[in-house]
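Numbering (my numbering), first residue to last: 7 to 78.
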């Protein structure tokens, strides 16, 4: 993910861009703290099982107790 900060002097805002998304902040400090936290989460170790949230049984999320409707 491409993450960077852009300041907008006219609107007195700082925009954190994350690929095609952006988030507005009132101060550069807020924007910088957001980027630091986001980068630490992006760079943290991840388990593929937790990311996908899927169980081996097709059509059910991990930990789901809901049974699909009959005929569905």
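Just so it is clear, CB atoms sit at the ideal spot from N, CA and C, and this is done for glycine as well.
{"Check": "Assigned secondary structure, residue 46 (DSSP; H/G/I helix, E/B strand, else coil)", "Outcome": "helix"}
{"Check": "Boundaries (first-last residue) of the beta strand (DSSP E) holding residue 10", "Outcome": "9-14"}
{"Check": "Burial state of residue 27 (16 or more Cβ within 10 Å)", "Outcome": "exposed"}
{"Check": "Proximity to residue 45 [Cα-Cα], best of 16, 13, 17, 22", "Outcome": "22"}
{"Check": "C-alpha distance - residue 39 paired with residue 14, whole-angstrom precision", "Outcome": "18 angstroms"}
{"Check": "7 angstroms CB neighbourhood of residue 30 in its chain, flanking five on each side removed", "Outcome": "19, 21"}
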